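Chains as they are written, first to last, in full-length UniProt numbering: chain X, 1 to 312; chain L, 1 to 473.
Heads up, the beta-carbon is just placed ideally off N, CA and C, and yes, glycines get one too.
Every value quoted in this text rests on a predicted model; they were computed, and no experiment measured them.
Taking it in order: structure first as structure tokens, then the write-up.
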């Protein structure tokens, strides 16, 4: 397989996953902004910060409100991570590797793009926003289903999946980090209803609020929720799950190609840290610091994969 | 204008149904307009979802359009097809021999059968090819011959398209769509299959791999990239053949050999089906500023380490000025009479012929010698006074830049339009493969001019396509 094709598959999946997670992130910000009157801009700002998009947003908009933020994160082609930019990039990458993906995958992605590019932003604002965000998640689910159900388990599959999990790990870390940026009015409010409610939204954004009960048999607690999204391997959006999955895909490549790669070693190391890590260490060093360090090493892993397999 | 002076593919002069169309005509008759409308809508959905689009030059790079598809097929009888097939095979054999001769001894020039000036001073002549013989001596492997019909037995070759003809993916997808839309018709009629084309293409490419290649050759399709108007076709063919789809920067040349950059490092390439024009193939040999090609590719080719399909320099044999000599070319190399007709062509450099042309522009078709895609041409009967005045000036200024032909009475074929079924003009592009043998896919791409009365079938000018059914005995 061409190194370029491997890169196209890797990034195709990353962008599909990114589109989905932008919708998830926006969902969190939107819901938080609904729960507390007067704090709307605060919550939205925290979400923009987590997406590392506050500066780009500020350059285009003076007012932080749902309409502006939603437009920026969904439809703005100047925002390289907006849903529209992500879907456009996913489709462009897919188009470059039409021969390596299945018709089902192409139809799903192309159909999503055709529909999305015809949406009038003003038609999906206000009350319609939650269901529109839901439809973005569903498109991503459909693409994933097409991929899992039709793509040959060859090197191309491994590259696509590795990209998917690298991106998801990054996004889960960002969704968790939103909470860091949300400032509670008073320190004494840690553990309060407002605090817990915000943590709950984080869980919802990861489609994990019900699964949580089955694992923890407990009320929503910050400690557990962070544990759930960082360390629990049963949780398909957790950092541990994502890194283990990337590692498994790199193992698959080692097997297909009959030789070990440097990037696989890095993935194994990262996975080990997540296996032995504890919430004590996370909270004593600071959740935000932990997440930033994770995103850094996740990024390094992505670069190592590019290097090992001649992406260009 | 549109009185009954055109031959209709479905009707005899007396209005009765022609034999090959008997079953189809019954079927069409039985369809209410709403059913045909539904079929047309279904077809559009199929094509759009598959992403069968083309980019129109000059439009924004992100615009992709569908080529309109007509659900009423064009039918050709087995006997008609046999004759066409013979004529096409004769033509492509002679033209390949002509190319070999031009790039070696030039016997045909020595024999005075074609003017030396026409060849040597022609932009399409590629001096870098002199003295080199590609595998099996074949230059043009993949050909799309443009034919038009003016009567029951009158087929004319309009263009030979020996460089990088496109459209074969539409032929294949049109069939795919029709089998999906009207399976019942395929039960009633025995239609020759076209699905073998990708397999035959692969066999053709394998058969011309370099002599130095032992074992299975590594075949790639070289595309200018996703913004090219025919990108869909490039990826489609690569996919159907199981070949790697490459862009120029995916390949490199080292020690006279071509490699592609894979996830595991360099991998040798033996045959390149290139969909990039000659000029852009290799910046070291041709256009130095080409970003699409592969530096050193031409030297690797001349060293016999890689086969380029089609060979560089085939354009000289489908040059519009050389076209007029094809009947002589066939006689010279094969000693046979041409089976298919050439359209009579006026030479504007000749004073008498030019005078005739300028007096009769309203009845003639003027084409630029190096134009294509229906651009830069004048269709006399559909032209305005102003357009004719423009072309009069152009021809006077550069007489040898234009060829002029009578307006052919292109046959019509029943076509589904907004106002129901009505005749529209069509042409036919059969696809030919030349390798260890000549393989011609039955039928080809029927292009249809959708504007009432229009004779221009190019997709860039509002043309559509139809599936083409060659009946089996």
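- Per DSSP, reduced to three states, the secondary structure at residue 272 of chain L is strand.
- For residue 245 of chain L, the neighbours in chain X by C-beta distance under 7 Å run, in chain order, 99.
- Taking residue 18 of chain X as reference, the option from X:310, X:165, X:49 and X:285 with the minimal CA-CA separation is X:165.
- Sorting L:424, L:122 and L:460 by C-alpha distance to the C-alpha of residue 452 of chain L places L:424 at the top.
- According to DSSP, residue 449 of chain L shares a beta bridge with L:463.
- Chain-ordered, the chain X residues with CB closer than 8 Å to the CB of residue 226 of chain L read 92, 95 and 96.
- Straight-line measurement puts the Cα of residue 175 of chain L at about 12 Å from the Cα of residue 72 of chain L.
- For the segment 252-270 of chain L, the set of positions with a beta-carbon nearer than 8 Å to some beta-carbon of chain X reads 260, 261, 262, 263, 264 and 265 in chain order.
- DSSP places residue 47 of chain X inside the alpha helix (DSSP H), whose first and last residues are 40-50.
- Burial check for residue 95 of chain X: the Cβ neighbour count within 10 Å reaches 16 or more, so the residue is buried.
- Counting C-beta pairs closer than 8 Å gives three or more between the segment 169-177 of chain X and the segment 231-248 of chain X, which meets the contact rule.
- The same chain holds no residue with a CB closer than 6 Å to that of residue 112 of chain L once the five nearest residues on each side in sequence are set aside.
- Put simply, the backbone Cα of residue 91 of chain L is about 7 Å away from that of residue 330 of chain L.
- Across the set L:366, L:290, L:47 and L:344, the C-alpha of L:366 shows the shortest separation from the C-alpha of residue 389 of chain L.
- The three-state reading of DSSP puts residue 234 of chain X in coil, since its state is none of H, G, I, E or B.
- If you draw a 10 Å sphere on the C-beta of residue 149 of chain X, you find fewer than 16 other C-beta atoms in it, and that means exposed.
- Not one beta carbon of chain X lies nearer than 8 Å to the beta carbon of residue 279 of chain L.
- The beta carbon of residue 438 of chain L sits closer than 8 Å to the beta carbons of 89, 92, 93 and 432 from its chain, once the five residues preceding and following it are set aside; these are given in chain order.
- One Cα belongs to residue 229 of chain X, the other to residue 191 of chain X, and the distance between them is close to 18 Å.
- For the segment 147-179 of chain X, the residues whose beta carbon sits under 7 Å from a beta carbon of chain L are, in order, 155.
- For the pair residue 208 of chain L and residue 283 of chain L, the CB atoms are not nearer than the 8 Å cut-off.
- Restricting attention to L:326, L:430 and L:276, the CA atom closest to the CA of residue 226 of chain L is found in L:276.
- About 13 Å separates the CB atoms of residue 77 of chain X and residue 22 of chain X; that is not less than 8 Å, and the two are not in contact.
- Under a 10 Å Cβ-count criterion, residue 284 of chain X is classified as exposed, with fewer than 16 other Cβ atoms of the shown protein chains found around its own Cβ.
- Per DSSP, residue 425 of chain L is one residue of the beta strand (DSSP E) stretching across 420-429.
- Counting along the chain, the unbroken alpha helix (DSSP H) around residue 359 of chain L starts and ends at 351-359.
- Per DSSP, residue 405 of chain L lies in no alpha helix (DSSP H) segment; the continuous beta strand (DSSP E) that holds it begins and ends at 402-406.
- Residue 147 of chain L: member of the beta strand (DSSP E) spanning 146-151, first to last residue.
- The C-beta of residue 238 of chain L comes closer than 8 Å to at least one C-beta of chain X.
- Residues are counted here when their Cβ sits less than 9 Å from a Cβ of chain X; for the segment 63-74 of chain L the count is zero.
- Sequence-distant Cβ neighbours of residue 407 of chain L in its own chain, meaning closer than 8 Å and more than five residues away, are 363, 364, 365, 379, 380, 381 and 455.
- Taking a Cβ-Cβ threshold of 7 Å, the residues of chain X close to residue 235 of chain L are 98 and 99, in chain order.
- Taking 3 residues as the shortest admissible run, the segment 179-260 of chain L contains the following complete beta strand (DSSP E) segments, listed from N- to C-terminal end: 219-222, 244-246 and 251-254.
- Residue contact check for residue 40 of chain X against chain L: no CB pair falls below 8 Å.
- Inclusion of residue 220 of chain L and residue 204 of chain L in the CB contact set at 8 Å is not warranted, their separation being larger than that value.
- If the five residues before and after residue 81 of chain X are omitted, its C-beta is found closer than 7 Å to the C-beta atoms of 18, 22, 51 and 53, all from its own chain and listed in chain order.
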